[in-house]
Amino acid sequence: MLNKEQIKKLEIQASEICEKTVELIYNGGGGHIGGDLSEVDIMVSLFNYMKHDPKNPKWSGRDYFILSKGHSSETYYTLLSEYGYIDKTLLGKYGTFGSVLGGHPNKKIPGVEANTGSLGHGLGLASGIALALKRDGMPNRVYVLTGDGELGEGSNWEAMMSAAKYRLDNLTWIVDRNFLQISGQTEEVMPFVNLKKKAEAFGFKTVEINGHDYGQIFSALDIREKGRPVCIIADTVKGKRLACAENRADWHHKTPTKEQVDQLKKDMDAYRKELA
Amino acid sequence: MEREACSSAFSKMILEEAKKDRDITVVCTDSRGSAKLGAYPDELPEQFVEIGIAEQNAVTVSAGMSHMGKKVFVLGPASFYSTRSAEQVKVDVAYSNNNVAVIGISGGVSYGALGATHHSLQDIALMRAIPNLTVEIPSDAAQMRAVTAELLKAGRPAYIRIGRNPVPVLYGNEGDIHIGKANKWFDGHDAAVIACGQLVSRAVDAAGLLEKEGIHITVVDMHTIKPLDTEAVKSAAEECGCILTLEEHSIYGGLGGAVSEFLAQNNPVPMKICGIPDEDVPNGTDDEVFRYYRLDPEGIAGAVKDLIRKK
Numbered sequence: 001m002l003n004k005e006q007i008k009k010l011e012i013q014a015s016e017i018c019e020k021t022v023e024l025i026y027n028g029g030g031g032h033i034g035g036d037l038s039e040v041d042i043m044v045s046l047f048n049y050m051k052h053d054p055k056n057p058k059w060s061g062r063d064y065f066i067l068s069k070g071h072s073s074e075t076y077y078t079l080l081s082e083y084g085y086i087d088k089t090l091l092g093k094y095g096t097f098g099s100v101l102g103g104h105p106n107k108k109i110p111g112v113e114a115n116t117g118s119l120g121h122g123l124g125l126a127s128g129i130a131l132a133l134k135r136d137g138m139p140n141r142v143y144v145l146t147g148d149g150e151l152g153e154g155s156n157w158e159a160m161m162s163a164a165k166y167r168l169d170n171l172t173w174i175v176d177r178n179f180l181q182i183s184g185q186t187e188e189v190m191p192f193v194n195l196k197k198k199a200e201a202f203g204f205k206t207v208e209i210n211g212h213d214y215g216q217i218f219s220a221l222d223i224r225e226k227g228r229p230v231c232i233i234a235d236t237v238k239g240k241r242l243a244c245a246e247n248r249a250d251w252h253h254k255t256p257t258k259e260q261v262d263q264l265k266k267d268m269d270a271y272r273k274e275l276a
Numbered sequence: 277m278e279r280e281a282c283s284s285a286f287s288k289m290i291l292e293e294a295k296k297d298r299d300i301t302v303v304c305t306d307s308r309g310s311a312k313l314g315a316y317p318d319e320l321p322e323q324f325v326e327i328g329i330a331e332q333n334a335v336t337v338s339a340g341m342s343h344m345g346k347k348v349f350v351l352g353p354a355s356f357y358s359t360r361s362a363e364q365v366k367v368d369v370a371y372s373n374n375n376v377a378v379i380g381i382s383g384g385v386s387y388g389a390l391g392a393t394h395h396s397l398q399d400i401a402l403m404r405a406i407p408n409l410t411v412e413i414p415s416d417a418a419q420m421r422a423v424t425a426e427l428l429k430a431g432r433p434a435y436i437r438i439g440r441n442p443v444p445v446l447y448g449n450e451g452d453i454h455i456g457k458a459n460k461w462f463d464g465h466d467a468a469v470i471a472c473g474q475l476v477s478r479a480v481d482a483a484g485l486l487e488k489e490g491i492h493i494t495v496v497d498m499h500t501i502k503p504l505d506t507e508a509v510k511s512a513a514e515e516c517g518c519i520l521t522l523e524e525h526s527i528y529g530g531l532g533g534a535v536s537e538f539l540a541q542n543n544p545v546p547m548k549i550c551g552i553p554d555e556d557v558p559n560g561t562d563d564e565v566f567r568y569y570r571l572d573p574e575g576i577a578g579a580v581k582d583l584i585r586k587k
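Here the protein sequences come in this chain order: V and B. Position 30, counted from 1, in the first sequence is what the working numbering calls 30; the numbers after and before it change by one each time, with no gaps. Position 67, counted from 1, in the second sequence is what the working numbering calls 343; the numbers after and before it change by one each time, with no gaps.
What follows is the structure, given as structure tokens:
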């Protein structure tokens with residue numbers, strides 16, 4: 001259970017990550033900003049919660065993380081840079097010719113476990129990692145973050161079946177449930193009605209939380225159930241904290257203007273003052 | 277003539293090797309029977325994964341296990357692994373450099389009358405266009421064993437297509453068989469037949485028929501389609517002056533495509549690409565289909581004679 005001070009610290013960190021992510025997108029001339037910002041609190045939580053060592057990214061005791069929604073890479077890159085996995089100067093080359101920091105994560109980047117970008121692969125990859133860990137008797141945990149629109153890919157549902165069959169209780173799957181995808185509302189594009197019931201029916205211990213509430217996120221990350229993988233449906237706001245982008249599908253992939261970046265900085269400064 | 281199926285050869289070998297190395301893992305998609313996997317799932321349940329009828333997930337889970345150091349062989353019908361899970365092979369295996377060997381069983385037309393849904397006649401064209409993917413079509417059981425041994429020694433992303441039925445034994449042992457190195461038969465200079473898979477033995481028979489007519493050919497067993505042994509192609513072109521390719525695959529984009537891409541840019545010589553034409557294939561056994569398309573020894577010999585006239 002997190003105390004108030006811990007939560008405040010995480011919220012401040014998230015506001016900074018949000019700012020830096022938007023700056024990265026602005027400087028790079030584009031990015032999947034909506035999903036980047038909806039996942040900030042989940043990602044900040046994971047970086048604080050998981051066992052990992054930026055000085056030794058391949059440490060055998062680490063927990064494994066896969067960003068299945070690979071298009072939301074800019075938040076990931078920002079965190080990798082903040083934690084020292086990659087040099088901060090590398091961010092300046094994001095999206096440029098020959099840069100290792102492309103629009104989607106690649107294993108060539110220290111700290112990145114999987115080449116993602118094509119949707120519907122992360123849960124299966126995480127399951128393979130989790131199964132290998134179990135078979136080797138290793139205690140490491142595996143975390144995978146998918147989008148919600150991404151669940152249109154049938155491969156997710158294949159992976160859900162095999163994760164349950166192999167009783168992957170070392171696997172936690174988080175859904176960034178922001179209810180929007182590039183064309184509009186997920187429930188209009190392809191309804192995922194009763195997602196919680198579906199995940200439960202597929203064999204996952206499933207909880208639905210507010211994906212911006214650190215107390216709820218950390219409690220959900222603590223869930224363990226013998227013989228069952230865990231699914232956390234984290235309800236989020238697409239474009240969270242960037243006022244002009246919140247809950248707007250047209251901000252799925254967009255470059256903010258200088259004024260919008262400046263406004264975010266002002267808003268975050270005010271937010272931090274309020275927290276202090 | 278003695279016969280052995282590539283699938284049986286693989287199964288016997290992998291069971292023995294897996295008993296010695298607990299990182300070896302076999303993944304199936306309700307395909308353990310058709311893969312002739314035998315006792316493996318029962319004897320080594322901790323080194324076996326049954327994914328059910330879900331080829332996409334099978335390849336992705338295999339990639340995840342490979343990321344953890346497992347030596348993964350994922351087996352199922354070539355038709356499904358090369359098309360339904362093509363994206364997973366491209367992204368999770370090849371692009372992600374995970375050492376997964378995708379073994380496409382019952383490849384080509386070896387499912388016979390089960391028809392077009394089960395034939396894999398586009399797999400080589402698809403797989404060989406993917407960077408960082410070795411593509412193999414062994415012609416007999418010894419080649420299959422040799423390829424498996426090399427993959428166990430030094431894993432790499434690979435697609436290996438084998439047939440369903442026992443094929444004639446061509447090689448006494450695995451000694452001179454290496455990934456990326458063609459095996460040469462005969463030393464005739466009238467024409468060269470570059471073949472792969474179960475059509476190699478028919479090419480060898482065709483060479484015998486032609487020999488009786490005083491026509492001497494070379495047969496090149498090009499079991500590795502990628503990386504192509506371009507030295508072997510170059511030598512064949514220089515020594516024979518014309519090349520016929522022979523494959524259980526569409527005439528588009530397979531072995532013929534690979535060989536002609538090289539020849540057109542380096543050693544242009546008269547060529548003929550023999551394979552399955554771009555049409556609906558009649559139902560029948562693989563032998564019947566080969567006869568229908570003149571891919572039997574007599575048909576191959578006739579095509580070689582036609583080609584020699586163009587030199």
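Every residue, glycine too, gets a C-beta built ideally from N, C-alpha and C. Bear in mind the structure is a predicted one, so any value in this text is a computation, not a measurement.
*Is the beta carbon of Ala392(B) sitting closer than 8 Å to the one on Val565(B)?*
No, the Cβ-Cβ distance between Ala392(B) and Val565(B) is not below 8 Å.
_Boundaries of the alpha helix (DSSP H) in which Lys265(V) is found, first to last residue_ = Unbroken alpha helix (DSSP H) run through Lys265(V): 258 to 275.
*Does the region 294 to 306 of chain B come close enough to the region 319 to 332 of chain B that 3 or more CB-CB pairs lie under 8 Å?*
In short, these stretches touch, since the Cβ pair count reaches three.
*asked:* Are the CB atoms of Val385(B) and Tyr435(B) within a distance shorter than 8 Å?
replied: Against a cut-off of 8 Å, the Cβ pair of Val385(B) and Tyr435(B) comes out as no contact.
*asked:* Would you say Ile17(V) lies against chain B (beta-carbon separation less than 8 Å)?
replied: No, its Cβ sits nowhere closer than 8 Å to a Cβ of chain B.
*If you measure beta-carbon to beta-carbon, which residues of the region 358 to 391 of chain B are closer than 8 Å to chain V?*
Against chain V - using a Cβ distance shorter than 8 Å - the residues of the region 358 to 391 of chain B are Glu363, Gln364, Val367, Asp368, Tyr371, Ser372, Asn373.
_Taking DSSP's pairing of strands, which residues face Pro444(B) in a bridge?_
BP columns for Pro444(B) point to Arg279(B).
*Work out the CA separation of Ala164(V) and His71(V) for me, nearest whole Å.*
Approximately 27 Å, taken between the alpha carbons.
*Per DSSP, which one or two residues make a beta bridge with Ala377(B)?*
Note: Ala377(B) sits in a beta bridge opposite Phe349(B), Ala434(B).
*For the region 446 to 523 of chain B, list the alpha helix (DSSP H) runs that are entirely contained and at least 4 residues long, ordered along the chain.*
Annotation: the region 446 to 523 of chain B contains the following complete segments of the alpha helix (DSSP H) (minimum length 4 residues), in chain order: 475 to 488, 506 to 516.
_Against chain V: residues of the region 393 to 418 of chain B by CB proximity under 7 Å_ = Going along the region 393 to 418 of chain B in chain order, one finds no residue with a Cβ nearer than 7 Å to chain V.
*asked:* I need the DSSP call for Arg224(V), collapsed to helix, strand or coil.
replied: Arg224(V): coil per DSSP, three-state reduction.
*Just to confirm, are Gly532(B) and Thr521(B) a CB contact at a threshold of 8 Å?*
Against a cut-off of 8 Å, the Cβ pair of Thr521(B) and Gly532(B) comes out as a contact.
*In three-state terms, what does DSSP make of His343(B)?*
If DSSP states are grouped into helix, strand and coil, His343(B) belongs with the helices.
*asked:* Just to confirm, is the Cβ distance from Leu24(V) to Thr78(V) under 8 Å?
replied: In contact: Leu24(V) and Thr78(V) (Cβ atoms closer than 8 Å).
*asked:* Could you tell me which whole alpha helix (DSSP H) segments of length 4 or greater appear in the region 62 to 108 of chain V?
replied: Runs of the alpha helix (DSSP H) lying entirely within the region 62 to 108 of chain V and spanning at least 4 residues, in chain order: 73 to 82.
*On a CA-only basis, which of Pro553(B), Asp562(B), Asp554(B), Val545(B) is nearest Arg585(B)? Give me that one, please.*
Comparing C-alpha distances from Arg585(B) to each of Pro553(B), Asp562(B), Asp554(B), Val545(B) shows the shortest one belongs to Val545(B).
*Mind pulling the chain B residues with CB within less than 9 Å of Met43(V)?*
Ordered by position in chain B, no residue passes the 9 Å Cβ test against Met43(V), which lies about 21 Å from the chain.
*So what does DSSP say about Phe204(V), is it helix, strand or coil?*
In the three-state reduction of the DSSP assignment, Phe204(V) falls in the coil class, being assigned neither a helical nor a strand state.
*Is there at least one Cβ from chain V nearer than 8 Å to Lys457(B)'s Cβ?*
So no, Lys457(B) is outside the interface.
*Would Ser396(B) pass as a contact of Ser355(B) if the rule is Cβ separation under 8 Å?*
Yes, the Cβ-Cβ distance between Ser396(B) and Ser355(B) is below 8 Å.
_Let me see if you follow: with CB-CB separation under 8 Å, is Asn170(V) close to chain B or not?_
So, not an interface residue.
*Could you run through the region 37 to 71 of chain V and flag, in chain order, every residue whose CB is less than 8 Å away from some CB of chain B?*
From the region 37 to 71 of chain V, no residue has a Cβ closer than 8 Å to chain B.
*asked:* I'd like to confirm the pairing. Which residues does DSSP put opposite Leu180(V) in its beta bridges?
replied: Beta-bridge pairing links Leu180(V) to Gln185(V).
*Who are the neighbours of Ile129(V) on chain B, taking C-beta pairs under 7 Å?*
Within chain B, the residues near Ile129(V) are Gly340, His343, Met344.
*How about Ile327(B): is its C-beta nearer than 8 Å to some C-beta of chain V?*
Under the Cβ criterion of 8 Å, Ile327(B) is counted among the residues facing chain V.
*Do you know offhand how far Leu486(B)'s Cα is from Ser99(V)'s?*
The alpha-carbon of Leu486(B) is positioned some 57 Å away from that of Ser99(V).
*asked:* Can you give me the C-alpha to C-alpha distance between Lys205(V) and Ile232(V), rounded to a whole angstrom?
replied: In a straight line, the C-alpha of Lys205(V) is about 8 Å away from that of Ile232(V).
*Take Tyr387(B) and list the residues in its own chain whose beta-carbon comes closer than 6 Å to its own, dropping the five residues that flank it on each side.*
Around Tyr387(B), the same chain offers His394 as residues with beta carbons nearer than 6 Å, after the five sequence neighbours per side are excluded.
*asked:* Using CA atoms only, rank isn't needed, just tell me which of Leu221(V), Lys240(V), Lys258(V) is closest to Leu46(V).
replied: Nearest in C-alpha terms to Leu46(V), of all of Leu221(V), Lys240(V), Lys258(V), is Leu221(V).
*Which two residues bound the contiguous beta strand (DSSP E) that contains Tyr143(V)?*
Residues 142 to 147.
*Say whether chain V places a C-beta atom closer than 8 Å to the C-beta of Ala434(B).*
Not closer than 8 Å to any Cβ of chain V, the Cβ of Ala434(B) fails to qualify, so no.
_Just checking: is the beta-carbon of Leu133(V) within a distance shorter than 8 Å of some beta-carbon in chain B?_
Chain B, which has a Cβ nearer than 8 Å to the Cβ of Leu133(V), makes this yes.
*Rounded to whole angstroms, what's the CA-CA distance from Cys304(B) to Pro317(B)? Just pull it up for me.*
Each residue's Cα considered, the two are about 10 Å apart.
*Taking the alpha carbon of Gly111(V) as the point to measure from, which residue in Lys55(V), Glu158(V), Asp36(V), His104(V) has its own alpha carbon closest?*
It is Lys55(V).
*Identify whether Met161(V) lies in helix, strand or coil by the three-state DSSP scheme.*
DSSP places Met161(V) in helix when its eight states are reduced to three.
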